[in-house]
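Peer 1: I'd like to ask some things about the structure below.
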């Protein structure tokens, strides 16, 4: 088992968390505590789910949850761009990262589901 901090998927979720914090910093105050905090919490949870999946014998439930939460995160970023809280370029950057996370999580899930838990 590799250290979770060395996994490419962890590095991507951490990058997404940093981006989210930077974007939230510039949001209007009335949305910072609603949409902004929810984006921040979801991004943090993505990193935690990578850690949990890496430590677990049965990784599939954690990876399923990660993929589900990733969709919620994408929805929140979409809401932020539609409300004019972030630019389309910032949205594209965030979605680019979430797409990479999704591909890696999907591959990890497929591999974990096909191999027995050790």
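Residue numbers (the working numbering): 3 to 120. Ideal Cβ positions, reconstructed from N, Cα and C, are used throughout, including at glycine.
Leaving out five residues on either side along the sequence, give the residues of the same chain with a beta carbon under 7 Å from the beta carbon of residue 97.
Peer 2: 76, 79
Peer 1: Should residue 99 and residue 21 be called a contact, given that it needs their Cβ atoms to be closer than 8 Å?
Peer 2: yes
Peer 1: Please name the residue, chosen from 117, 41, 15, that lies closest to residue 103 on a Cα-to-Cα basis.
Peer 2: 15
Peer 1: Tell whether a beta-carbon distance below 8 Å holds between residue 30 and residue 47.
Peer 2: no
Peer 1: Checking 8 Å against the spacing of the C-beta atoms, do residue 69 and residue 108 come in under that value?
Peer 2: yes
Peer 1: Helix, strand or coil for residue 61 per DSSP?
Peer 2: coil
Peer 1: Out of 49, 62, 35, 54, which one is the CA nearest neighbour of residue 117?
Peer 2: Ranking the options by Cα distance to residue 117, first place goes to 62.
Peer 1: So what does DSSP say about residue 26, is it helix, strand or coil?
Peer 2: helix
Peer 1: What are the boundary residues of the alpha helix (DSSP H) that residue 100 is part of?
Peer 2: 90–116
Peer 1: Is residue 41 near residue 34, with beta carbons less than 8 Å apart?
Peer 2: no
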